[in-house]
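So the structure is just underneath, and the comments pick up after that.
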Amino acid sequence: EDDPPRIKDEPDDDGFYASPKEDSKPLKRPREDDDRLLLILQDSKAKKVKSKDKKVPEADKKKKPKKEEEQKWKWWEEERYPEGIKWKFLEHKGPVFAPPYEPLPENVKFYYDGKVMKLSTKAEEVATFFAKMLDHEYTTKEIFRKNFFKDWRKEMTSEEKSTITSLSKCDFTHMSQYFKAQSEARKQMSKEEKQKIKEENERLLKEYGYCVMDNHKERIANFKIEPPGLFRGRGNHPKMGMLKRRIMPEDIIINCSKDSKIPAPPPGHKWKEVRHDNKVTWLVSWTENIQGSIKYIMLNPSSRIKGEKDWQKYETARRLKKCVDKIRNQYREDWKSKEMKVRQRAVALYFIDKLALRAGNEKEEGETADTVGCCSLRVEHIKLHPELDGQEYVVEFDFLGKDSIRYYNKVPVEKRVFKNLQLFMENKQPEDDLFDRLNTSILNKHLQDLMEGLTAKVFRTYNASITLQQQLKELTNPDDNIPAKILSYNRANRAVAILCNHQRAPPKTFEKSMMNLQSKIDAKKEQLADARRELKSAKADAKVRRDEKSKKTVESKKKAVQRIEEQLMKLEVQATDREENKQIALGTSKLNYLDPRISVAWCKKWGIPIEKIYNKTQREKFAWAIDMAEEDYEF
DNA sequence: GTTACTACTTAGCAACGCATGG
DNA sequence: CCATGCGTTGCTAAGTAGTAAC
Numbered sequence: 001e002d003d004p005p006r007i008k009d010e011p012d013d014d015g016f017y018a019s020p021k022e023d024s025k026p027l028k029r030p031r032e033d034d035d036r037l038l039l040i041l042q043d044s045k046a047k048k049v050k051s052k053d054k055k056v057p058e059a060d061k062k063k064k065p066k067k068e069e070e071q072k073w074k075w076w077e078e079e080r081y082p083e084g085i086k087w088k089f090l091e092h093k094g095p096v097f098a099p100p101y102e103p104l105p106e107n108v109k110f111y112y113d114g115k116v117m118k119l120s121t122k123a124e125e126v127a128t129f130f131a132k133m134l135d136h137e138y139t140t141k142e143i144f145r146k147n148f149f150k151d152w153r154k155e156m157t158s159e160e161k162s163t164i165t166s167l168s169k170c171d172f173t174h175m176s177q178y179f180k181a182q183s184e185a186r187k188q189m190s191k192e193e194k195q196k197i198k199e200e201n202e203r204l205l206k207e208y209g210y211c212v213m214d215n216h217k218e219r220i221a222n223f224k225i226e227p228p229g230l231f232r233g234r235g236n237h238p239k240m241g242m243l244k245r246r247i248m249p250e251d252i253i254i255n256c257s258k259d260s261k262i263p264a265p266p267p268g269h270k271w272k273e274v275r276h277d278n279k280v281t282w283l284v285s286w287t288e289n290i291q292g293s294i295k296y297i298m299l300n301p302s303s304r305i306k307g308e309k310d311w312q313k314y315e316t317a318r319r320l321k322k323c324v325d326k327i328r329n330q331y332r333e334d335w336k337s338k339e340m341k342v343r344q345r346a347v348a349l350y351f352i353d354k355l356a357l358r359a360g361n362e363k364e365e366g367e368t369a370d371t372v373g374c375c376s377l378r379v380e381h382i383k384l385h386p387e388l389d390g391q392e393y394v395v396e397f398d399f400l401g402k403d404s405i406r407y408y409n410k411v412p413v414e415k416r417v418f419k420n421l422q423l424f425m426e427n428k429q430p431e432d433d434l435f436d437r438l439n440t441s442i443l444n445k446h447l448q449d450l451m452e453g454l455t456a457k458v459f460r461t462y463n464a465s466i467t468l469q470q471q472l473k474e475l476t477n478p479d480d481n482i483p484a485k486i487l488s489y490n491r492a493n494r495a496v497a498i499l500c501n502h503q504r505a506p507p508k509t510f511e512k513s514m515m516n517l518q519s520k521i522d523a524k525k526e527q528l529a530d531a532r533r534e535l536k537s538a539k540a541d542a543k544v545r546r547d548e549k550s551k552k553t554v555e556s557k558k559k560a561v562q563r564i565e566e567q568l569m570k571l572e573v574q575a576t577d578r579e580e581n582k583q584i585a586l587g588t589s590k591l592n593y594l595d596p597r598i599s600v601a602w603c604k605k606w607g608i609p610i611e612k613i614y615n616k617t618q619r620e621k622f623a624w625a626i627d628m629a630e631e632d633y634e635f
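Letter by letter, the first sequence follows residues 1 to 635 in UniProt numbering.
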């Protein structure tokens with residue numbers, strides 16, 4: 001047993017404290033079932049009170065958020081379960097299913113080969129999926145059309161099947177127009193109607209959006225089952241256009257505790273299975289029909305179960321910080337190894353560390369888009385340049401990574417790495433694996449030996465977080481005002497996003513919005529010039545008159561100039577930020593790679609309100625960090 | 001080692017909805 | 001008050017990585 005139980009009052013391997021303050025507070029009361037019952041009881045009482053509240057006007061509404069505030073639970077101050085056990089009590093209402101198909105009104109026609117054709121309900125439903133995507137580029141792609149048509153035909157009656165033999169003879173335009181009109185009508189709805197829909201959504205959220213896990217009510221992330229539709233893979237996906245079938249209660253596995261109130265399936269239906277597995281975190285699962293993979297309903301990032309894991313992730317990355325030098329020396333040694341396997345492993349690890357590449361699991365050919373990560377790189381994905389633009393030993397990377405996002409980079413590497421790469425590529429075809437003696441499993445096993453809990457992806461987390469910390473130190477100018485400091489923060493964030501290759505398509509309205517901002521800046525500049533002129537004349541005036549009143553005018557004009565200068569500066573900062581962000585997505589790194597305590601500490605140090613860095617959702621996810629981190633926190 | 005299966009994190013895009021300014 | 005632009009949220013695909021069975 002190299003993993004001791006975690007409940008104790010000293011830090012475990014990950015630096016977790018049972019009770020996190022170092023002065024040894026008494027252990028918290030263990031989670032007891034009595035507590036749980038109490039909470040549920042309170043909860044149902046609260047509901048009753050609330051429903052009464054409905055008739056009570058405005059004044060009472062304001063109390064609600066306060067009440068919730070008081071109830072906020074600091075799970076990070078509690079002891080953790082022994083490893084493997086995820087919860088003791090879990091109760092939920094099951095999933096919300098997609099609304100049933102509503103057949104089209106009679107007057108909406110489908111045409112085949114120029115003639116009106118009435119489709120059976122099943123065939124019609126699938127046809128509407130295609131019609132709704134008609135404007136999308138997808139529907140012009142050969143593979144998409146082929147896959148769609150094949151799956152569509154499976155839903156047709158035998159008559160339909162014999163009539164409809166070619167997709168190009170199908171005319172969905174009338175259906176498409178109908179849907180466009182529908183969505184237009186939705187936008188035009190009256191306030192009352194919109195309000196009604198909103199209330200219905202809130203009701204659904206209230207009823208199905210939460211569960212009770214152990215003693216606490218927790219938000220569920222995705223309580224709605226994915227509706228049927230056409231599969232939209234990313235990049236060049238061989239399965240694009242296939243029919244994603246409707247999920248029924250009979251497909252659903254429910255996971256909850258034995259002593260909980262088991263959710264009821266919709267009338268006339270039953271669940272595939274109800275199980276009670278507290279070694280996993282999911283509440284509901286089903287098998288999807290495109291890849292045959294399992295989908296899950298799990299908790300929100302603000303939940304204890306996700307938060308603890310997230311915290312732990314950063315603690316592992318911090319442990320890597322302590323031994324990364326040793327590991328780097330090690331892999332540099334391994335570049336010289338007699339064993340090919342060891343050399344490949346060492347070069348791959350160098351890429352993962354230096355370039356923050358993903359591990360690169362192997363994928364089943366023909367089942368997914370052709371994308372790669374480090375271990376699955378092929379010879380065709382790199383070019384070796386003994387010299388390029390005045391630099392020696394340059395490796396040019398060009399491949400599609402996760403989500404078919406292109407990774408393109410020219411990197412000078414150490415001579416040994418370069419020589420090794422030449423060796424690995426000898427006598428190989430472009431489509432051969434660069435690291436033919438390596439896969440992620442071998443690599444991760446090796447990493448596990450170097451440090452407990454170390455895997456390839458820890459390097460991404462570590463390098464991302466350490467880069468943010470470094471960049472913040474470097475870029476923050478103490479004399480800057482708040483907007484300028486925030487620009488520095490965003491620039492530090494951006495450095496990480498570039499490292500991790502988090503790209504986005506430039507927003508469709510980018511050019512336009514940039515122009516708008518520029519014209520705002522121009523207007524502000526003019527305003528500033530005016531204000532300065534006025535100040536000047538006021539000064540001149542004051543010189544002649546030498547009275548109190550004109551002095552005051554000068555003062556107020558001065559202030560006006562200052563104010564406008566500040567506004568202009570803010571706009572210019574905004575423009576810079578936006579321009580630099582054109583093709584970079586900051587969100588992913590902020591949410592998944594940057595230890596939030598670094599950002600919290602930075603905010604505290606420079607007096608930046610946390611709201612400027614994290615929006616509401618992000619503050620909920622990182623509540624633990626916001627509560628814990630002091631200004632001197634170091635990653 | 002290889003494969004199948006499972007559980008969980010990470011990812012970009014599009015729809016939504018709210019604030020803002022004319 | 002309405003339109004518009006933009007940040008936020010929802011959605012779900014696509015990764016990583018562990019385990020078990022052969």
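For glycine and all other residues, C-beta sits at the position ideal for the given N, C-alpha and C.
- Contact between the stretch 76-91 and the stretch 202-220 is established, with three or more Cβ pairs separated by less than 8 angstroms.
- Residue 405 sits away from residue 493, with the two beta carbons spaced by 8 angstroms or more.
- Within the same chain, and ignoring the five residues on either side of residue 400 in sequence, the residues whose Cβ sits closer than 8 angstroms to its Cβ are 235, 369, 370, 371, 372, 406, 407.
- Counting of Cβ neighbours within 10 angstroms places residue 448 among the exposed residues, the total staying below 16.
- Here residue 426 carries a coil assignment [DSSP, helix/strand/coil].
- Put simply, the backbone Cα of residue 413 is about 14 angstroms away from that of residue 356.
- Per DSSP, the unbroken alpha helix (DSSP H) holding residue 313 starts and ends at 304-334.
- Taking a 10 Å sphere around the C-beta of residue 85, we find fewer than 16 other C-beta atoms and assign the residue as exposed.
- Under DSSP, residue 216 takes part in a beta bridge, and its partners are 213.
- One thing to note: residue 346 has its Cβ no nearer than 8 angstroms to the Cβ of residue 462.
- A straight-line Cα-Cα distance of about 39 angstroms links residue 143 and residue 341.
- Boundaries around residue 391 are those of the beta strand (DSSP E), 391-400, since no alpha helix (DSSP H) includes it.
- If you look at residue 521, you'll find it in the alpha helix (DSSP H) that goes 510-545.
- In the structure shown, the three-state DSSP call for residue 237 is coil.
- Note on geometry: alpha-carbon atoms of residue 444 and residue 350 lie some 14 angstroms from one another.
- Taking a contact as a CB-CB distance under 8 angstroms, the pair residue 299 and residue 290 does not count as one, their CB atoms being some 25 angstroms apart.
- The beta carbon of residue 149 sits closer than 6 angstroms to those of 167, all from its chain and outside the five residues before and after it, given in chain order.
- Residue 135 has its alpha-carbon roughly 18 angstroms from the corresponding atom of residue 109.
- By DSSP's assignment, residue 479 forms no beta bridge with any residue.
- Residue pairing by DSSP places residue 296 opposite 285 in a beta bridge.
- When rounded, the separation of the alpha-carbon atoms in residue 487 and residue 530 is 28 angstroms.
- In this structure, the beta-carbon distance from residue 384 to residue 421 falls below 8 angstroms.
- Taken through DSSP and simplified to helix, strand or coil, residue 387 comes out as strand.
- Around the beta carbon of residue 409, a 10 Å sphere encloses fewer than 16 other beta carbons of the protein chains shown; the residue is thus reported as exposed.
- Assigned with DSSP and collapsed to three states, residue 569 falls in helix.
- Burial check for residue 576: the Cβ neighbour count within 10 Å stays below 16, so the residue is exposed.
- By DSSP's assignment, residue 406 forms a beta bridge with 400.
- Within the model, the alpha-carbon separation for residue 278 versus residue 81 is close to 11 angstroms.
- In this structure residue 437 touches residue 344 by the C-beta definition: roughly 5 angstroms separates them, less than 8 angstroms.
- Just measuring C-alpha positions, the residue of 220, 569, 558 sitting nearest residue 480 is 569.
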